[in-house]
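Protein chains in written order, with my numbering: chain A, 695 to 813; chain B, 695 to 813.
This is the structure:
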């Protein structure tokens, strides 16, 4: 099983993250090796801290309204290598190692497997 | 100046895109050559259609509440090569050619130039 990197964000960095009206921020997961975009989901302040502390992607599921530790049920965990925030500090980007068969619940490697205009 | 590709999305694909309560969908711009993530911003149904029709990234500016044709003022346009939507059809991904000095208003190439935990 891959292992992630625990990331020591500064208190200023954590306090600077801007959440939306629901207390959420978009989090993009990018494959650290292929640089493919795997998925985008949402984090709140708690799951961002868990993600950085555990070195593993922990999202907030909007549909289930609960902590979603990616891979706990599917086995397809995402292990963090690097973490970035954008110029407005309202979008997060994680370079991850994808475990298992892929990121998508459909069985595809990336959630972005459908292309406008067809193949 | 680079030129983008006009993308003929099907009516079904366009109708299938899921917008949030404000009528917006997140749009990720990824450099088609380096695969670096340049930025994430928002589109509505109109600016998505403009983007696909013009082959150039057209966002909706939430702060200014207006159409934001990327690069019209900065010169840093983004020209579309490929366009994808995710498994829930509520996040878009565009592979683009970045013109000018970069995507970020700070002058950086990518908006994700700041890293948690320092360099």
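Backbone N, C-alpha and C fix where the C-beta goes; we use that ideal spot for every residue, glycine too.
Taking only beta-carbon positions, decide if residue 809 (chain A) is within less than 8 Å of chain B.
yes
Would residue 785 (chain A) count as contacting chain B if we go by Cβ distances under 8 Å?
Answer yes: the Cβ-Cβ gap between residue 785 (chain A) and chain B drops below 8 Å somewhere.
Run through the DSSP bridge pairs and tell me what residue 719 (chain A) is partnered with.
A:737
Just the chain C side, please: which residues come within less than 9 Å of residue 767 (chain A) by C-beta, in chain order?
Absent here is chain C; the protein component of the structure consists of chains A and B.
May I ask which residues mark the beginning and end of the alpha helix (DSSP H) holding residue 709 (chain A)?
705-710
Residue-chain proximity (residue 697 (chain B), chain A), Cβ-Cβ < 8 Å:
no
Measuring CB to CB, does residue 772 (chain A) end up less than 8 Å from residue 764 (chain A)?
Yes, the Cβ-Cβ distance between residue 772 (chain A) and residue 764 (chain A) is below 8 Å.
Quick one: grab the DSSP three-state call for residue 750 (chain A).
strand
Evaluate contact between the segment 720-733 of chain A and the segment 790-805 of chain A, counting only Cβ atoms and requiring at least three cross-stretch pairs below 8 Å.
yes
In three-state DSSP terms, what is residue 743 (chain A)?
helix
Determine which residues share a DSSP beta bridge with residue 804 (chain B) and list them.
Beta-bridge pairing links residue 804 (chain B) to no other residue.
Cβ of residue 776 (chain A) within 8 Å of any chain B Cβ:
yes
Which two residues bound the contiguous beta strand (DSSP E) that contains residue 779 (chain B)?
772-779
Proximity below 8 Å, CB of residue 698 (chain A) to CB of residue 749 (chain A)
Yes, Cβ-Cβ distance for residue 698 (chain A) and residue 749 (chain A) is below 8 Å.
CB-CB under 8 Å to residue 801 (chain A), same chain, minus the five flanking residues each way: which ones, in chain order?
795
Excluding the 5 residues flanking residue 719 (chain A) on each side, which residues of the same chain have their C-beta closer than 8 Å to its C-beta?
711, 712, 713, 736, 737, 738, 742, 784, 785, 786
On the criterion of 16 or more Cβ atoms from any shown chain inside 10 Å, does residue 780 (chain A) qualify as buried, or is it exposed?
Around the beta-carbon of residue 780 (chain A), 16 or more other beta-carbon atoms lie within 10 Å, marking it buried.
Are the beta-carbon atoms belonging to residue 810 (chain A) and residue 746 (chain B) less than 8 Å from one another?
The Cβ atoms of residue 810 (chain A) and residue 746 (chain B) lie closer than 8 Å to each other.
Straight-line Cα distance separating residue 727 (chain B) from residue 774 (chain A)
24 Å
For residue 724 (chain B), the three-state DSSP class (helix, strand or coil):
strand
Taking all protein chains shown into account, do 16 or more other C-beta atoms lie within 10 angstroms of the C-beta of residue 706 (chain A), making it buried, or fewer, making it exposed?
exposed
Note down, in chain order, every chain A residue with its Cβ under 9 Å from the Cβ of residue 751 (chain B).
Going along chain A, no residue has its Cβ under 9 Å from residue 751 (chain B), so there is no contact; the nearest lies around 13 Å.
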